[in-house]
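For reference, the structure is listed below as structure tokens.
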Amino acid sequence: MSELPMYNPPADPSRPAGPASGRDLPWLPAALLGAGLLAFAYAPNVLSLVTIWNNEPNYSHGFLVLPIAGVILWRRLVDRPYAWAPYHASWGTWALLGLLLAARAAAYERGMNWVETATLIPVAACVVYALGGPALFSRAWPAIAFLVFMLPLPPSLNMTVSLPLQRIATAGSCFVLQLTGLWVVPSGNVINLSTPRGPQQLEVAMACNGLSMLMTLAATVTATVILIPMPTWKRVVVLLSALPIALVSNIARIVATGWCYYYMEGELARQRSHDWSGFLMMPLALVLVGLELWILSWLVDDAEAEAASRPIDLVATRQRRS
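Residues in the sequence shown are numbered from 104 upward in steps of one, following the numbering used here.
Set out below in structure tokens:
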């Protein structure tokens, strides 16, 4: 007797395909070559960013942006598996890529270093879209958008943001120091403290204005709301709270430094107290973010909110009543 042929059910097109081999991906060498050429072209810009991350304390978090972006991309691909298949990009995609590269060349010729470096993000988005189309881009766009935290603020915007933050930090710190029992008098960005050893001056320097805390916390909060499942309204609330949490953390740092000036003697002791209080800023900010998430979950239950947002099934309701 001849054996009956085994029945192989047709593949479900909605389910992602398994891992593809190199023979199944004929476009992979060209994609790797193109990515390598873009990386080579933007290498001077990346090295310039590394120099900024090394020398500017406000942007030292830049070293973590690329690894976190990689984690975001990996998590999105795990949550929504992608079937790697050849994609033929339209001429519009390549035209947009060429336009972005031309804009980068023009920025280079005009000495607009920030604009030249910033073109890296839309260029990466175009490359991803050309590689996998809307399916891949819909999964990768949060990781691409997160790359914006690699960039420093433009010099004009940096000064515009820094000065108000410096004034808020000085005024808020004086208020809290007075509430806690110290006699302080603000003078510009200098806080004059009355201590047992005589008057002391605590300067809220430009590096202590909270901008570094704001940039670092904004990157941390953005990664948190992307990686941790939560309702959209909660993501918006947490993102909007990054600025006040950064201000509170920076004011707490200055207040702690002021009390250290009150109790400690010697320049070395005061310098160490300044550094140690700075190290505690990020843990304090993360604790405040966690406390905020706990309060939001306590005030509004996510399951109940999701159930309340669903349309009422009139047929099911009538059946229950009957």
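Glycine is no exception: its CB is placed at the ideal position from the N, C-alpha and C atoms.
Bear in mind the structure is a predicted one, so any value in this text is a computation, not a measurement.
According to the neighbour-count rule (16 or more other Cβ atoms, all chains shown, within 10 Å of its Cβ), is residue i buried or exposed?
| i | result |
| --- | --- |
| His-164 | buried |
| Thr-335 | exposed |
| Thr-283 | exposed |
| Ala-326 | buried |
| Met-262 | exposed |
| Ser-259 | exposed |
| Val-226 | buried |
| Gln-269 | buried |
| Tyr-364 | buried |
| Val-339 | exposed |
| Tyr-366 | exposed |
Can you tell me the Cβ-Cβ gap for residue i and residue j, rounded? I've got them flagged as a contact below 8 Å.
| i | j | result |
| --- | --- | --- |
| Leu-254 | Thr-220 | 6 Å |
| Val-392 | Val-341 | 7 Å |
| Ala-272 | Ile-171 | Not confirmed; about 27 Å, so no contact. |
| Leu-350 | Gly-275 | 7 Å |
Would you identify the three-state DSSP class for residue i, choosing helix, strand or coil?
| i | result |
| --- | --- |
| Tyr-145 | coil |
| Arg-213 | coil |
| Val-403 | coil |
| Leu-136 | helix |
| Leu-250 | helix |
| Met-384 | helix |
| Met-367 | coil |
| Pro-258 | helix |
| Ala-243 | helix |
| Ala-359 | helix |
| Thr-222 | coil |
Could you name each continuous alpha helix (DSSP H) segment of 4 residues or more that falls completely within the region 159-207, going from the start of the chain to the end? Qualifying alpha helix (DSSP H) stretches, in chain order: 168-182.
Return the chain-ordered ranges of every alpha helix (DSSP H) run that is complete within the region 270-357 and spans a minimum of 4 residues. Qualifying alpha helix (DSSP H) stretches, in chain order: 314-330 and 335-343.
Quick one: any contact between the region 238-246 and the region 168-182, if contact means 3 or more CB pairs under 8 Å? The region 238-246 is in contact with the region 168-182.
For the region 184-198 against the region 224-237, are there 3 or more C-beta pairs whose distance is under 8 Å? Verdict: yes, contact present.
Are three or more beta carbon pairs between the region 136-154 and the region 210-226 nearer than 8 Å? Three or more beta-carbon pairs drawn from the region 136-154 and the region 210-226 are found closer than 8 Å, and the two stretches are therefore classed as touching.
Report yes or no: do three or more beta-carbon pairs, one from the region 318-325 and one from the region 341-351, lie closer than 8 Å? With a cut-off of 8 Å, the region 341-351 and the region 318-325 count as touching, because enough Cβ pairs lie within range.
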